[in-house]
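Protein sequence lines correspond, in order, to chains A and B. Residue 236 in the numbering used here is what sits at position 236 of the first sequence, and the numbering runs on without skipping anything. To get the numbering used here, take the position in the second sequence, counting from 1, and add 342.
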Amino acid sequence: MSQQIYVIAQHDGDKISLVTLELLAFARQVQNSQSFSVTLIIVGEGLSSLARGMADQGISVILLDVPGLTHYHGGVYKQVLSDFFAIHEPALICTAHTAQGMDYSPGLAVQLKAAHISGVQGVEMKDGIINFLRAMDNGKQMAWISPVTDRVVLSVRPGVYKPLLPEFGAMGSVSVLHMGGCLEPSDPGAGDGGIKQIKFKGLKQSQMDVKGLSEAQAIIAVGNGIGDDENLAIIHDIAAFFNKPAVGGSRIVCDRGQLCYGQQVGLTGSVVAPKLYMAWGISGAAQHIAGMEQSEFVVSINKDATAPMMNMADVCIVEDLNQFLPLCLASLQFSGDEGTGC
Amino acid sequence: MFLLKILVCTKAINENPGEIHLDETRMNLFDGFALEQGLLFRDTLKESIVDVICVGTENASEILTRALGMGADQAIHINSEAPPLYDPFYTASLIAAHARHKAYDLILTGVMSEDLMQGQVGPMVAELLSVPCATSVISAHLSREGIDLERELEGGARESWEFVLPCVLTVQSGINTPRYPSLSCMLRAARNPATCIQAETLNPPEMRQVITRVSVPEKQRNALVLGGTSEEKALKLFKILKEKGFLRENKEMV
Chain A
1 MSQQIYVIAQ
11 HDGDKISLVT
21 LELLAFARQV
31 QNSQSFSVTL
41 IIVGEGLSSL
51 ARGMADQGIS
61 VILLDVPGLT
71 HYHGGVYKQV
81 LSDFFAIHEP
91 ALICTAHTAQ
101 GMDYSPGLAV
111 QLKAAHISGV
121 QGVEMKDGII
131 NFLRAMDNGK
141 QMAWISPVTD
151 RVVLSVRPGV
161 YKPLLPEFGA
171 MGSVSVLHMG
181 GCLEPSDPGA
191 GDGGIKQIKF
201 KGLKQSQMDV
211 KGLSEAQAII
221 AVGNGIGDDE
231 NLAIIHDIAA
241 FFNKPAVGGS
251 RIVCDRGQLC
261 YGQQVGLTGS
271 VVAPKLYMAW
281 GISGAAQHIA
291 GMEQSEFVVS
301 INKDATAPMM
311 NMADVCIVED
321 LNQFLPLCLA
331 SLQFSGDEGT
341 GC
Chain B
343 MFLLKILVCT
353 KAINENPGEI
363 HLDETRMNLF
373 DGFALEQGLL
383 FRDTLKESIV
393 DVICVGTENA
403 SEILTRALGM
413 GADQAIHINS
423 EAPPLYDPFY
433 TASLIAAHAR
443 HKAYDLILTG
453 VMSEDLMQGQ
463 VGPMVAELLS
473 VPCATSVISA
483 HLSREGIDLE
493 RELEGGARES
503 WEFVLPCVLT
513 VQSGINTPRY
523 PSLSCMLRAA
533 RNPATCIQAE
543 TLNPPEMRQV
553 ITRVSVPEKQ
563 RNALVLGGTS
573 EEKALKLFKI
583 LKEKGFLREN
593 KEMV
């Protein structure tokens, strides 16, 4: 059986994403318990300086050089990686649980006849069996999952592992493999699954103002439990009592149009770390938790005492927001009046 | 392009996981956006067909009735008494087995399920059928050659792509506003319910992964749970927040 752990780098052509260093830290943890070796794979065109930079940090790197691949392309990633793994038997392949990783990772697993476990946030060996941890039931429970196959593809959740520290002076290496032909035009119906016919047209950076959230000291955040716009108006009134406040929320509130997407906290929104994070009616799906778990002090207010956000909180209050919000505002206004001697 | 043959893959979600006495089933939120997108394409290309499919226990038939009520043409229920909870490859294989010879131009599903959040079934169906896949699609328009779409990345950034048909798209929430079921469609659904196919007849695959243990998440912090009346909780809360210096000084407020 293979003893190789392969980490697939996420990069933007100019630099390796932070999440790649987290994946390497995860891989090192598995390596230590299994005496496996860890190799980083970088896919793209003309990335030898990126590869060299990682090798200088003590990492063994394989660069899959694909002419013409200047931007992520799911079909090409799946093809070059499965070509590579047809020759280099993997035990474990680690991808990032990000918009990019989750685009190619499950398909790659199908091609490799491998198990695919997504959103991994822990690993353990028990009675000779390797188990991977992930959230289920919207974060209310955690499941240990064990692959039945020899090969396993994992997508590892960002923000769980501390990025691997560079080991300067350690022996790294770069090998380059030239993977030609993936993007050359072919006949329609050539049996390549149409990957050459799909085309990347461009990248739009976010138009939203996420500054408000990233610079706030106190984020007053609302979730599905917030209810109607009247309650949201009270939230804005309450936020005004805080130092450097910003109002944010979970994706569903943005989907409903109650907040704009620039105010979304979570894996697909902004990742924030304010001094205070107040979660009003936010159940705490893993997607959202990943965007706020670095906050210094967390308050969770929810009518459901079992909401996963309660596990993240320093202060928990079980209350129905419809009744509790007006009380909170009144309480703040009262203490304000008292303070000025009115 | 005069018509599209569309398949929408849906999942039944238990509203109160862990609370057995409450057996409320509803359609996965993200799949609602996928179904609406299929119906919007049919609104543009009138002769198009929108089929909807669900792998699951008999609870699945409830959400398929809703899908028909929203306007789907045909519903397919792949009945699996005990679908392996953690094996998306199992679900994907059954959907692919059904879709393989049906010549669908477009397969749509939600970006993930709300409960397990694995996000794997869509990309796996694409791979099993050897067609391209785009995940986390937040905008999709029919073009002369296929579909122009945008994928949502972290922090709200978007990638634009030109896709050809056939393909699989997994749809992110917020791409549209799912319609409510209509009375006429509900009546039609009652006359023309979901077709049920037994999973065993589709040659289900071997399991690739199993759950070995389930646990309750560990508390990340030592939480102080505030008690008392609602008024007392509010007063205690803001006393703590004031002591920590999170609140503005009073004079700034008035």
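Ideal Cβ positions, reconstructed from N, Cα and C, are used throughout, including at glycine.
Residue i Cβ short of 8 Å to the ligand PLP heavy atom set
i, result
"residue 98 of chain A", "Ligands in the displayed structure: none, and consequently the ligand PLP is not present."
Inter-residue spacing [alpha-carbon to alpha-carbon] between residue i and residue j
i, j, result
"residue 157 of chain A", "residue 20 of chain A", "11 Å"
"residue 7 of chain A", "residue 99 of chain A", "17 Å"
"residue 497 of chain B", "residue 262 of chain A", "8 Å"
"residue 398 of chain B", "residue 417 of chain B", "13 Å"
"residue 188 of chain A", "residue 195 of chain A", "Since pLDDT at residue 188 of chain A reaches only 48, below the 50 mark, its modelled position is unreliable, and no value is offered."
"residue 288 of chain A", "residue 515 of chain B", "14 Å"
"residue 595 of chain B", "residue 584 of chain B", "Here the model assigns residue 595 of chain B a pLDDT of 48, short of 50, so the residue's position is not dependable and the matter cannot be decided."
"residue 484 of chain B", "residue 490 of chain B", "6 Å"
"residue 400 of chain B", "residue 421 of chain B", "7 Å"
"residue 241 of chain A", "residue 324 of chain A", "17 Å"
"residue 433 of chain B", "residue 440 of chain B", "11 Å"
"residue 217 of chain A", "residue 469 of chain B", "45 Å"
"residue 316 of chain A", "residue 565 of chain B", "6 Å"
"residue 214 of chain A", "residue 270 of chain A", "8 Å"
"residue 586 of chain B", "residue 370 of chain B", "41 Å"
Contact belief for residue i with residue j at Cβ below 8 Å, rounded distance in angstroms
i, j, result
"residue 509 of chain B", "residue 476 of chain B", "7 Å"
"residue 437 of chain B", "residue 395 of chain B", "6 Å"
"residue 231 of chain A", "residue 252 of chain A", "That belief does not hold up - the Cβ atoms of residue 231 of chain A and residue 252 of chain A are roughly 14 Å apart, past 8 Å."
"residue 411 of chain B", "residue 523 of chain B", "3 Å"
"residue 71 of chain A", "residue 4 of chain A", "Not a contact, Cβ separation roughly 28 Å."
"residue 391 of chain B", "residue 347 of chain B", "5 Å"
"residue 222 of chain A", "residue 282 of chain A", "7 Å"
"residue 203 of chain A", "residue 573 of chain B", "Rounded, the Cβ-Cβ distance is 51 Å, inconsistent with contact."
"residue 82 of chain A", "residue 108 of chain A", "6 Å"
Residue i classed as buried or exposed, judged by whether at least 16 other C-beta atoms fall within 10 angstroms
i, result
"residue 147 of chain A", "buried"
"residue 73 of chain A", "buried"
"residue 419 of chain B", "buried"
"residue 353 of chain B", "buried"
"residue 424 of chain B", "exposed"
"residue 545 of chain B", "exposed"
"residue 97 of chain A", "buried"
"residue 49 of chain A", "exposed"
"residue 260 of chain A", "exposed"
"residue 540 of chain B", "exposed"
"residue 233 of chain A", "exposed"
"residue 457 of chain B", "buried"
"residue 249 of chain A", "buried"
"residue 142 of chain A", "buried"
"residue 106 of chain A", "buried"
"residue 331 of chain A", "buried"
"residue 430 of chain B", "buried"
"residue 13 of chain A", "exposed"
Contacts that residue i makes with chain A (C-beta to C-beta distance below 7 Å)
i, result
"residue 475 of chain B", "74, 107"
"residue 383 of chain B", "Going along chain A, no residue has its Cβ under 7 Å from residue 383 of chain B, so there is no contact; the nearest lies around 18 Å."
"residue 369 of chain B", "Per Cβ cutoff of 7 Å: no residues; residue 369 of chain B is ~15 Å from chain A at best."
"residue 535 of chain B", "Within chain A, no residue comes near residue 535 of chain B; the closest Cβ sits about 30 Å away, beyond 7 Å."
"residue 522 of chain B", "Simply none; closest approach about 15 Å."
Chain B residues whose Cβ lies nearer than 8 Å to that of residue i
i, result
"residue 103 of chain A", "465, 475, 476, 477, 478, 493"
"residue 323 of chain A", "572"
"residue 378 of chain A", "The requested residue 378 of chain A is not part of the displayed model; chain A covers only 1 to 342."
Residues of its chain near residue i, where Cβ-Cβ distance is below 6 Å and the 5 sequence neighbours each way are ignored
i, result
"residue 512 of chain B", "451, 453, 464, 477"
"residue 339 of chain A", "Since pLDDT at residue 339 of chain A reaches only 47, below the 50 mark, its modelled position is unreliable, and no value is offered."
"residue 264 of chain A", "251, 254"
"residue 297 of chain A", "276, 314"
"residue 38 of chain A", "5, 27, 31"
"residue 59 of chain A", "40, 172"
Own chain residues within Cβ distance below 7 Å of residue i, not counting five before or after
i, result
"residue 25 of chain A", "161, 162, 163, 164"
"residue 114 of chain A", "149, 151, 152, 153"
"residue 505 of chain B", "474, 476, 488, 489, 491"
"residue 292 of chain A", "265, 272, 277"
"residue 9 of chain A", "16, 20, 40, 41, 42"
"residue 102 of chain A", "118, 155"
"residue 78 of chain A", "104, 107, 108, 111"
Sequence-distant residues of its chain with Cβ nearer than 8 Å to residue i (five each side left out)
i, result
"residue 117 of chain A", "132, 134, 145, 147, 152, 153, 154, 155"
"residue 177 of chain A", "62, 63, 64, 65, 84"
"residue 320 of chain A", "303"
Neighbour list for residue i in chain A, Cβ cutoff strictly below 9 Å
i, result
"residue 499 of chain B", "99, 203, 204, 205, 206"
"residue 505 of chain B", "194, 197, 198, 199"
Neighbour list for residue i in chain B, Cβ cutoff strictly below 7 Å
i, result
"residue 297 of chain A", "586"
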